[in-house]
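Notes follow the structure.
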Amino acid sequence: MHMEAEVNARTHENRAPRSGEEKPNADGRPTRFPWVGLPPYPLEEETPRLILLVAFFVATILTSNITAIKIADLGFTYATVAILFYPISFIIADTIAEVWGKPVARRVIWIGLFTNAFVSVLFTLAVIMPPAPFFNEQDAYALILGGVPRIVLASMSAYTISQHLDVNIFIHLRQKTKGRHLWLRNNAAILASQLIDTTLFTLIAFYGVYPFYALGEIIITEYSIKAALALFGTPLTYMLVYWARGGMRRAVKTETSRP
1 MHMEAEVNAR
11 THENRAPRSG
21 EEKPNADGRP
31 TRFPWVGLPP
41 YPLEEETPRL
51 ILLVAFFVAT
61 ILTSNITAIK
71 IADLGFTYAT
81 VAILFYPISF
91 IIADTIAEVW
101 GKPVARRVIW
111 IGLFTNAFVS
121 VLFTLAVIMP
131 PAPFFNEQDA
141 YALILGGVPR
151 IVLASMSAYT
161 ISQHLDVNIF
171 IHLRQKTKGR
181 HLWLRNNAAI
191 LASQLIDTTL
201 FTLIAFYGVY
211 PFYALGEIII
221 TEYSIKAALA
231 LFGTPLTYML
241 VYWARGGMRR
251 AVKTETSRP
């Protein structure tokens, strides 16, 4: 009886698969979806730090787009609220480039762009959905979430070019300085990229809407504020790099201490 059951089991294992039936691999995983059942990737000690930085990077980009609709009184001039938040994204990008390198930083930039585009599509769908008869805030809702296509194009174009320029300049100076003078690399990269970002966004978004002299005033005012924030943000860059490298230092220490 037991022998018959064993023969049946072997026959079942060796038989040809029926039509539409998956034939398993040697390790038992199906061939049609070979990634099913794979063990999870190991979580490196510094990975949570990178994930957190990416989350803050994307959050800064999305927050800047939403808060850009409000013009704030800064005491000495008027500017969008987003101007206070957006420079943080460059500091985070430089931190990632410093700790994980240019390829990772560029991937994070693309993640930010695709996330921004995805959220813009969701916002557009939310705005065009017909409101309930008793919902009286549709105009305000559309004003905040339904970005003008030209503004969205200006934002994404300036973001993509300036963020890549920032990382490229930062890494180039890192090679030239042999990893020293973080303050110089950070500020030089941010100041150059913010100039391009401000100029591109203003020209794409408002060319033909405002006189040329007004565009010049907008560029000078916003860039001056961004440049000042970048300089004041230098200590934040040092703190983020120190924090991000903390896990990596412990990993290296553990590896070198092994017999």
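Residue numbers (full-length UniProt numbering): 1 to 259. Note that beta-carbon positions come from the ideal geometry of N, C-alpha and C, so glycine has one too. Computed from a predicted structure; not experimentally measured.
DSSP three-state call for residue i: helix, strand or coil?
i: residue 205; result: helix
i: residue 109; result: helix
i: residue 210; result: strand
i: residue 80; result: strand
i: residue 69; result: coil
i: residue 245; result: helix
i: residue 103; result: helix
i: residue 7; result: Per-residue confidence for residue 7 stands at a pLDDT of 47, beneath the threshold of 50, marking its modelled position as unreliable; the derived number appears in the next sentence. Helix, per DSSP.
i: residue 74; result: coil
i: residue 86; result: coil
i: residue 135; result: coil
i: residue 251; result: Because residue 251 sits at a pLDDT of 48, beneath the cut-off of 50, its placement in the model cannot be relied upon, and the following sentence gives the value as read from the coordinates. Helix, per DSSP.
i: residue 235; result: helix
i: residue 48; result: helix
Under a Cβ-count criterion, where at least 16 other Cβ atoms within 10 Å of its own Cβ denotes burial, should residue i be classed as buried or exposed?
i: residue 251; result: Residue placement at residue 251 cannot be trusted, given a pLDDT of 48 that sits under 50; what the coordinates show is reported in the next sentence. The residue is exposed, with fewer than 16 neighbouring Cβ atoms inside 10 Å.
i: residue 197; result: buried
i: residue 156; result: buried
i: residue 60; result: buried
i: residue 44; result: exposed
i: residue 74; result: exposed
i: residue 107; result: exposed
i: residue 260; result: Residue 260 lies beyond the range of the chain shown here (1 to 259); nothing can be said about it.
i: residue 273; result: Not covered by the structure: residue 273. The range shown for the chain is 1 to 259.
i: residue 212; result: exposed
i: residue 125; result: exposed
i: residue 109; result: buried
i: residue 76; result: exposed
Give the C-beta separation of residue i and residue j to the nearest angstrom, bearing in mind that I take them to be a contact with Cβ-Cβ under 8 Å.
i: residue 187; j: residue 234; result: 6 Å
i: residue 191; j: residue 214; result: 23 Å between Cβ atoms; not a contact.
i: residue 111; j: residue 53; result: In fact, because the Cβ distance is near 11 Å, the residues do not count as touching under 8 Å.
i: residue 91; j: residue 236; result: 6 Å
i: residue 87; j: residue 194; result: 7 Å
i: residue 144; j: residue 83; result: About 17 Å separates the two Cβ atoms, so there is no contact after all.
i: residue 200; j: residue 230; result: 17 Å between Cβ atoms; not a contact.
i: residue 171; j: residue 102; result: 5 Å
i: residue 154; j: residue 205; result: 4 Å
i: residue 138; j: residue 131; result: 5 Å
i: residue 113; j: residue 160; result: 6 Å
Taking Cβ to Cβ, would you say residue i is nearer than 9 Å to residue j?
i: residue 167; j: residue 244; result: no
i: residue 81; j: residue 67; result: yes
i: residue 261; j: residue 189; result: With the chain covering only 1 through 259, there is no way to say anything about residue 261.
i: residue 127; j: residue 146; result: yes
i: residue 79; j: residue 225; result: yes
i: residue 115; j: residue 85; result: no
i: residue 99; j: residue 46; result: yes
i: residue 179; j: residue 49; result: no
Quick check: is the beta carbon of residue i nearer than 9 Å to any beta carbon in chain C?
i: residue 214; result: Judged by its chain identifiers, the structure shown contains no chain C, having just a single protein chain.
Report task. Just list the alpha helix (DSSP H) runs in the segment 146-180, keeping only unbroken ones of 4 residues or longer that don't cross its boundaries, in chain order. Result -> Segments of the alpha helix (DSSP H) lying fully in the segment 146-180: 149-176.
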